[in-house]
Amino acid sequence: MHPLPNLTISPHNISICYGESTTLTANGAHTYQWSNGSSNQSITVEPLFSTTYYLTGYSIYECVKIDSAQVMVNPKPIIDFIAEPLSGCEPLSVKFINNSDNGTYYWYFGDGNSSNIYSPIHIYNNDGVYTVTLIVKNQYNCSDTLTKFNYITIYPSPIAGFSIFPLITTEDDGRVKILDESYGATSWYYDFGEENEQNDIFTDREPNYIYTNAGNYTIIQIVANEYNCYDTAYNNVIIKPSTMFYIANSFTPNADGLNETFMPLGFNVPIKDYEFRIFDRWGKQLFYTTDLYVGWDGKYKDEFVKQDMYVYSIKVILEDGEHIFRGALYVIY
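Listed below in structure tokens is the structure:
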């Protein structure tokens, strides 16, 4: 009596992913016959579903033994995604909506960045056309890949910027000129910030504008390009009053009830600090106050000064800093 062949199949049982192949190798017999019709010692199979492959082994004495191997076919994950929006101006925030099966996710956004979040939000900072790839791996360790070529389009944005000349001027000459420093713009829009003015909007590249009222104004520049991408810049201009106050050059402290005190009148700007001094022609201080509503009555130590020329000094501190005014006045009796 002759022994049966020592028939084996390697691997004996194996799991593969749908669309993959595996090789089954027989050993221990003289000749082989597989259930798929092959008589080779090894067969490579790519089943569409889980399949059992039977093997008949023959010894040199024609003794027969039968064995089998099971190839389990696991499904690949269903993979799909969309993005919103598909195009826009840099920097652009894009929401990727994942419609794939559960699993592990590997996103590649085409700009060198990646993510493992289910439905990520990604910001594209530079213009260009980007290819996006998603790889999904399921619980069977099977994976699939979806690549959408040239999927996201990012348009370049202009860079706003401008300077003003001059930055500080007065109501007497409220003219300012815009010097455009933007980059990549094809259209311009300026708002010069006078709330009650209807004609302070310009679309010239470098407009001139004349302010008619004192104040601090914010000028807004909005630029756009051929892709309808925008950028905004801001700058400030100061328009000072043409006359800060009025002051006479003489007064008559003679008790007639007219023109009895000397002081600046009609301040038309906000004052943070104030000093008013009177000196004689030799520099001696005769009067000093920090009260805007107190003037000099022509006296020094309760005595009227003589008729002569004197010097006044007015120091005021405004929002833009310190200002000093000096001049001559005459006391007349």
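According to numbering that gives the first Met the number 0, the residues represented by the sequence shown are 0 to 332, in order.
Glycine included, each C-beta is placed from N, C-alpha and C at the ideal position.
Note that the structure is a prediction, hence the values are computed from the model and not measured.
Am I right that residue i and residue j are in contact with their C-beta atoms under 8 Å? What's the rounded C-beta distance?
i, j, result
"H29", "P4", "7 Å"
"M262", "F278", "So it is not a contact: roughly 15 Å between Cβ atoms."
"S49", "M71", "5 Å"
"S118", "I96", "6 Å"
"A68", "L6", "Going by Cβ atoms, the distance from A68 to L6 rounds to 11 Å, so no, they are not a contact pair."
"E89", "N125", "6 Å"
"I238", "N212", "7 Å"
"A232", "F161", "6 Å"
"D307", "V330", "6 Å"
"D230", "A159", "4 Å"
"Y216", "F191", "7 Å"
In whole angstroms, give me the CA-to-CA distance for residue i and residue j.
i, j, result
"A254", "Y309", "20 Å"
"I81", "Y52", "41 Å"
"Y57", "V63", "5 Å"
"Y123", "K314", "56 Å"
"I209", "F303", "49 Å"
"K136", "W187", "50 Å"
"E83", "C16", "32 Å"
"G266", "E259", "Strictly speaking, residue 266 in this sequence is Phe, with Gly absent from that position. If I take the Cα positions, the gap works out to 20 Å."
"S37", "P10", "17 Å"
"I120", "V93", "6 Å"
"A327", "N207", "39 Å"
"A25", "T130", "46 Å"
"E45", "P76", "18 Å"
"V236", "I218", "8 Å"
"A247", "Y292", "16 Å"
"Y107", "I116", "11 Å"
"G18", "Q138", "17 Å"
"S114", "T185", "36 Å"
On a Cα-Cα basis, can you pick out the residue from the options that is closest to residue i?
i, options, result
"T164", "I313, Y287, V175, S156", "The sequence as given places Phe at residue 164; Thr does not occur at that position. Nearest of I313, Y287, V175, S156 to F164, Cα basis: V175."
"G109", "D79, Y150, G256, V315", "Y150"
"D143", "S99, N125, E193", "S99"
"S14", "G36, N26, L47, V236", "L47"
"T152", "E170, S86, L166", "S86"
"L145", "G326, E193, I78", "I78"
"S181", "I221, T202, K147", "I221"
"G320", "K283, P269, V293", "P269"
"D179", "P157, D199, D171", "P157"
"D66", "P74, T55, D172", "T55"
"F201", "C141, I177, G173, N235", "I177"
"Y332", "I167, G256, A184, N235", "G256"
"V128", "M0, A184, K147", "K147"
"G27", "G214, L285, N12, I59", "I59"
"Y189", "D172, N227, G214, N234", "N234"
Among all the DSSP beta bridges, which residues are the ones paired with residue i?
i, result
"Y208", "V175"
"I200", "D190"
"M308", "Y329"
"L334", "An answer regarding residue 334 cannot be provided, because it is not within the stretch 0 to 332 covered by the chain."
"Q138", "Paired residue(s): none; Q138 is not in a bridge."
"E321", "I316"
"Y229", "A223"
"H121", "V93"
"G214", "I238"
"T30", "Y57"
"L133", "W106, L145"
"E170", "E170 is not bridged to any residue."
"S156", "For S156, which the question treats as bridged, DSSP gives no partner whatsoever."
"Y182", "I158"
"S49", "DSSP, once it has assigned bridges, lists no residue as partnering S49."
"G87", "I153"
### Query
Fully enclosed by the region 250-293, which beta strand (DSSP E) runs are 3 residues long or longer?
272-278, 284-288
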